[in-house]
Amino acid sequence: MPAHTETKETAPSAPERARTQQATLQIGGMTCAACSNRIEKGLSRMPGVAGANVNLALEKASVDYDPKETGLAEIERKIESLGYTTVKESSEFDITGMTCAACSARIEKGLNRMPGVLSASVNLALETAHVEYSPGAMTPADIMRKVQQLGYEAKLKEEGKPRDRGGEERKRVVRLLISALLSLPLLWAMAGHFSFTSFLYVPELLMNPWFQLALATPVQLVIGWPFYVGAYKALRNRSANMDVLVALGTSAAYFYSLYLTIAWAAAGGSSDMAGMEGMAGHGLPELYFETSAVLITLILVGKWFEARAKGRSSEAIRSLMGLQAKTAIVVRDGAETEIPVEDVLPGDIVRVRPGEKIPVDGVVTEGRSSVDESMLTGESLPAEKEPGSPVTGATINKNGALLMRATKVGRDTMLSQIVRVVEEAQGSKAPIQRMADVISGIFVPIVVGIAAITFLIWYFGVQPGAFSEALEKAIAVLVIACPCALGLATPTSIMAGSGRAAEFGILFKGGEHLEAAQQVDTVVLDKTGTVTKGKPELTDVVVYEGGNGWSAAQGIEERSAGTAGIAEAANAAGAIGGASSEPQERFENTAAVASAERRADSDTSSASAVSAASAEQRLLALVGAAENASEHPLAEALVRGIGERGVKLPQADSFESMPGYGIRAVVGGAEVLVGTRRLLQERGIDAAAALPDMERLESEGKTAMLVAVEGRLAGTVAVADTLKDTSPEAIRRLRGMGLRVMMITGDNAATARAIAKKAGIDEADVLAEVLPEGKASEVKKLQEQGRKVAMVGDGINDAPALATADTGMAIGTGTDVAMEAADITLMRGDLNSIADAIEMSRRTMRNIRQNLFWALAYNVIGIPIAAAGFLAPWLAGAAMAFSSVSVVLNALRLQRVKL
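Residue numbers (numbering that gives the first Met the number 0): 0 to 898.
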């Protein structure tokens, strides 16, 4: 079998090779040469792919493609559509040097063009980049080098550690203070020029051009040097950002003033120059040093406020990380040692004293206590813990000492996963941001063009020959334009909104899910564990006579106990029971039983044991043995209830789960079925005798299950799951928000309607007797009707429907599979969290729209005002600084939202 195959496609021509890129992808799932050939052919037929070569031995594909026609993401999807997987990795990077949305857009575009990068997303507010790449073609070092080539710095983000911005903050404050101290005298000198400020005393020294030059130069060329660096790097990469606007505007004011100062000095500082262009009536040049210096100072003020505000938006992450215990007491080789929590290993035995935080996730091995889990579940009452109970890191042990075995440590703990989900959500992009990204990419060149046109109109039209006036208007246009506000409008709101939602126990997996939730108009609730408590209890047992059913139950119990004589009695009972129509108790009075008991033991103890083993207990022993291997909540309820009744369970020989129908088991050589009417009907078992009991139990809101043994009806067992106390209130709230609320369940219609009635759900909105695979189909039907569906569930069988829905919500108290498939995790079991999540989404999107409107309106209104000459450059700079700060402050209002 060849390990390597070569493409049969014609080699690309020289011009084609010049514009193609080569990417190497790691592929999983190939088993033979046919697999590699199939992938090779599929890739070679893709538009834009010049050639493909698949190596079976190395499990790699080398693809030459034209990035203008196709991308690595499309190639990856093609491989997956062929039935194979691509191995990919992702890394988070901290980025420094970004100043506006044009910077983040340039980095994102540059990374996405790299061969081997599947996707890259850059967040301006968090100053991070998330990159997915093929490990066979790319390494984090390659990505960091690319960012450096683009003019910025990148380093791998340390997981679990917030970025230390202390050094950056201190440098920013120092620069701001120096700039302000040097700019204030210039501002004072400028104020003395106005007629309405004639009362101000302005020292003559402040009016001296050389003194103003001495003050303005450090601000322009030292404090403002990063703007020049940023502008140079942007222009070198054939793009433009905010640094270009600031550098152009301040440089025009500074160097024009420098020219006037030199001209004034060359003329000997004479008052004869009073009539010249750029000279004031008193013979001193009309300088704009204060314009450049004050502009830079105001921009630094705005950046400082912006940084402080962005820091506040990350408080949710810091507060979550602060919940983690710092140390743990582990028991190793019989000795207790206190170690950093990072050093705890899976399997370690950890001692937790009263009042201490539980350091990692685990299982109690010794001791009893109550644990405050409010940080996870929102429940104010502590949860009781005993040996075998699971415990979660960062929760608080209240009153008893515990020994626990660590099961999940480090990045695998529940708290670490929560932090990771919140970080990913805050760093992700919402679809609404695409418009801002597009505008940001072309914003700066357009503004430079408008500034140039403004200068020409003023210089040649409005005030012909008035160079300084025209320059002032052009500078005002350059500095009032603010791409920062556009770039910050969406990510700051997502940061604040997702962080605040996390405080309420609502974890959005990304910005796209935060946006999608506000569009939901239909909420579909799974019944068990979502609407109800998910802890059903055994309530009713009904035993039917009918031959093999009860006799087999008796025989199995007796054989498992090793009592041959009683087994004979069970066999004898088969014939009697089969013909009898009297209650089962008649069986126990037959001579066969008496004879068997006497043969088994002359002592009366065996006879007493048989009479004590009632028909109900025999049936329950059989049901319990069959259900013991099932993980379904109803099975757990049955086994728990049977155990509480003191019935000992024999061992099942085999077990088979039939989702949506029930279970089949072999116990003591006999086939046992426990499940729905449909299960018995498909096996040809007559269940007519049970129908009255089924209807009665279901009308009471109970879940009734039929039991058949050896092909005959043996009994009915029923469990009841009570509503969560908050479900009716939460459903009223959802309906009050204009949402249609539906319930979906595998239970029969009668039981489902009874539960729905108590919960406040209309009978027409109940979907009953739906198989697990049918839940996803029902969601699709609603989507085909034009509805935006949110599916809420907590079990493995809900995962397909959660993935199909427009928005999948998993109850955090449910299974890992459900939470993995969902878009939103609700850490608290309270259905009010659904309304909270949708409300948080609505408020966040409203906030984003406000930000985008303000950012666009500010530029649409501000640029014409500046071009018309109604704003001095320093006022334009102040307006620019205020625009980005106002966007961030508006986003921070989300941190005070009360749900």
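Each residue gets a CB set at the ideal place from its N, CA and C atoms; glycine is no exception.
Model, not experiment: these values are computed from the prediction.
Assuming K723 and K532 make a contact with CB atoms under 8 Å, what is their CB distance in whole Å?
Locating residue 723 in the sequence shown gives position 724, where the first residue counts as 1. Locating residue 532 in the sequence shown gives position 533, where the first residue counts as 1. Between the beta-carbon of K723 and that of K532 there is about 6 Å, and that keeps the pair under the 8 Å contact cut.
V48 to D63 span [Cα, whole Å]:
The count along the sequence shown starts at 1 and reaches residue 48 at position 49. The count along the sequence shown starts at 1 and reaches residue 63 at position 64. The alpha-carbon atoms of V48 and D63 are separated by roughly 6 Å.
Got a sec, what are the start and stop residues for the alpha helix (DSSP H) N404 sits in?
Looking up residue 404 in the sequence shown gives position 405. The sequence shown places Arg at residue 404, not Asn. Not the alpha helix (DSSP H): R404 falls in the beta strand (DSSP E), residues 401 to 407.
I'd like to check one pair, V362 with R404: are the Cβ atoms closer than 9 Å?
The residue given as residue 404 occupies position 405 in the sequence shown. The residue given as residue 362 occupies position 363 in the sequence shown. Closer than 9 Å, so yes.
Have a look at the DSSP bridge pairing and note the partners of D720.
Here residue 720 corresponds to residue number 721 of the sequence shown, with the count starting at 1. Answer by DSSP bridge pairing: none, since D720 is not bridged.
DSSP has G27 in a bridge; who is on the other side?
The sequence position of residue 27 within the sequence shown is 28, counting from 1. Per DSSP, T84.
Go ahead and pull the three-state DSSP assignment for N122.
Locating residue 122 in the sequence shown gives position 123, where the first residue counts as 1. Here N122 sits in strand by DSSP.
Contact between the region 510 to 528 and the region 822 to 840 (3+ Cβ pairs under 8 Å)
With the rule of 3 Cβ pairs closer than 8 Å, the region 510 to 528 counts as touching the region 822 to 840.
Please work out which residues of its chain come closer than 8 Å, Cβ to Cβ, to R235, disregarding the five sequence neighbours upstream and downstream, and give them in chain order.
Within the sequence shown, residue 235 is the residue found at index 236, counting from 1. Closer than 8 Å at the Cβ level, and outside the excluded window around R235, lie G150.
Identify which residue in T675, T538, A809 has its Cα closest to the Cα of I505.
In the sequence shown, residue 505 corresponds to position 506, counting from 1. It is A809 whose Cα lies nearest to the Cα of I505.
Quick test of your reading: I860 and V791, contact by CB under 8 Å. State the CB separation rounded to the nearest angstrom.
Sequence index remark: in the sequence shown, residue 860 carries index 861 (1-based). Sequence index remark: in the sequence shown, residue 791 carries index 792 (1-based). I860 to V791, Cβ: 44 Å. No contact.
Identify, in the order they occur along the chain, each residue of the same chain with its Cβ nearer than 7 Å to the Cβ of M29, setting aside the five sequence neighbours on each side.
Position 30 of the sequence shown, counted from the start, is the residue given in the question as residue 29. Short of 7 Å from the beta carbon of M29, and not among the five residues preceding or following it, lie these beta carbons of its own chain, in chain order: S35, L55, E58, Y83.
C-alpha distance - G667 paired with D822, whole-angstrom precision
Residue mapping note: residue 667 aligns to position 668 of the sequence shown, counting from 1. Residue mapping note: residue 822 aligns to position 823 of the sequence shown, counting from 1. Going from the Cα of G667 to the Cα of D822 covers about 46 Å.
Work out the CA separation of V446 and A475 for me, nearest whole Å.
As a working mapping, residue 475 is identified with position 476 in the sequence shown. As a working mapping, residue 446 is identified with position 447 in the sequence shown. Taking the straight line from one Cα to the other gives about 11 Å.
Check T562 in the structure and name its three-state DSSP category.
As a first step, residue 562 must be located in the sequence shown, where it is residue number 563. Residue placement at T562 is flagged as unreliable, the pLDDT there being 35, under the threshold of 50; a coordinate-derived value is accordingly withheld.
If we count the other Cβ atoms within 10 Å of its Cβ and call it buried at 16 or more, is E694 buried or exposed?
As a working note, residue 694 is residue 695 in the sequence shown. Exposed, because fewer than 16 other Cβ atoms sit within 10 Å of the Cβ of E694.
Count the C-beta pairs between the region 132 to 150 and the region 73 to 87 that are closer than 8 Å, then say yes if the count reaches three, no if not.
By the Cβ rule, the region 132 to 150 counts as touching the region 73 to 87, because three or more pairs are nearer than 8 Å.
From N398 to S373, what distance separates their C-alpha atoms?
As a first step, residue 398 is located in the sequence shown; it is residue number 399 there, counting from the start. As a first step, residue 373 is located in the sequence shown; it is residue number 374 there, counting from the start. Taking the straight line joining both Cα atoms gives about 16 Å.
Spell out the partners DSSP gives V329 in its beta bridges.
Looking up residue 329 in the sequence shown gives position 330. As computed with DSSP, V329 is found in a beta bridge with T336, V349.
Please classify K87 as buried or exposed, where buried requires at least 16 neighbouring CB atoms within 10 angstroms.
In the sequence shown, the residue the question calls residue 87 occupies position 88. Buried, because 16 or more other Cβ atoms sit within 10 Å of the Cβ of K87.
Taking the alpha helix (DSSP H) that I505 belongs to, which residues open and close that run?
For this step, residue 505 is matched to residue 506 along the sequence shown. Unbroken run through I505 is the beta strand (DSSP E), 505 to 507; no alpha helix (DSSP H).
Whole angstroms is fine: what's the gap from Q20's alpha carbon to M434's?
The residue labelled residue 20 in the question sits at position 21 within the sequence shown. The residue labelled residue 434 in the question sits at position 435 within the sequence shown. Taking the straight line from one Cα to the other gives about 29 Å.
In this structure, what does DSSP give as the bridge partners for N396?
As a working mapping, residue 396 is identified with position 397 in the sequence shown. Bridge partners of N396: V370.
Out of K756, K325, I348, state which residue places its alpha-carbon closest to the alpha-carbon of L332.
Position 333 of the sequence shown holds residue 332. The sequence given here places Asp at residue 332; Leu does not occur at that position. Closest option to D332, Cα to Cα, is I348.
When DSSP labels each residue in this structure, what does T715 get in the three-state scheme?
Here the question's residue 715 lines up with position 716 in the sequence shown. If DSSP states are grouped into helix, strand and coil, T715 belongs with the strands.
Would the beta-carbon of A60 fall within 9 Å of that of T98?
Counting from 1 along the sequence shown, the entry for residue 60 is found at position 61. Counting from 1 along the sequence shown, the entry for residue 98 is found at position 99. In this structure, A60 sits away from T98, with a CB-CB distance that is not shorter than 9 Å.
Within its chain, find whatever has a CB closer than 6 Å to the CB of T290; leave out the 5 residues flanking it on each side and keep chain order.
By one-based count along the sequence shown, residue 290 stands at place 291. Closer than 6 Å at Cβ, skipping near neighbours: A252, P872, W873.
Determine the DSSP secondary structure at R237, reduced to helix, strand or coil.
Residue mapping note: residue 237 aligns to position 238 of the sequence shown, counting from 1. The three-state secondary structure of R237, taken from DSSP, is coil.
Would you kindly work out how many angstroms separate the C-alpha atoms of G280 and A866, rounded to a whole number?
Translated into the one-based positions of the sequence shown, residue 280 becomes position 281. Translated into the one-based positions of the sequence shown, residue 866 becomes position 867. Residue placement at G280 is poorly supported in this model, since its pLDDT is 45, which falls under 50; the coordinates still yield a value, given next. Going by C-alpha positions, G280 is about 26 Å away from A866.
I'd like to know if the region 170 to 185 and the region 204 to 219 are in contact, where contact means that at least 3 CB-CB pairs between them fall below 8 Å.
Because the criterion of three Cβ pairs below 8 Å is met, the region 170 to 185 and the region 204 to 219 touch.
For the alpha helix (DSSP H) that F459 lies in, which residues bound it at each end?
Against the sequence shown, residue 459 aligns to sequence position 460. Per DSSP, F459 is not a residue of any alpha helix (DSSP H), being assigned neither H nor E.
Nonlocal neighbours in the same chain, by C-beta distance under 8 Å from V638, ignoring five residues either side:
Residue mapping note: residue 638 aligns to position 639 of the sequence shown, counting from 1. Taken in chain order, the residues that qualify are G623, E626, N627, L648.
Quick check on the burial criterion: 16 or more other C-beta atoms within 10 angstroms. Buried or exposed for Q929?
Because the chain is modelled from 0 through 898, residue 929 falls outside the range shown and cannot be assessed.
Expressed to the nearest angstrom, what Euclidean distance is found between the alpha-carbon atoms of D692 and L322?
Walking along the sequence shown from the start, residue 692 turns up at place 693. Walking along the sequence shown from the start, residue 322 turns up at place 323. D692 and L322: Cα-Cα distance of roughly 52 Å.
Measuring alpha carbon to alpha carbon, tell me which residue in E768, K170, P358 is nearest T702.
Walking along the sequence shown from the start, residue 702 turns up at place 703. Per the Cα distances, E768.
Does DSSP classify K534 as helix, strand or coil?
The residue you call residue 534 lines up with position 535 of the sequence shown. DSSP places K534 in coil when its eight states are reduced to three.
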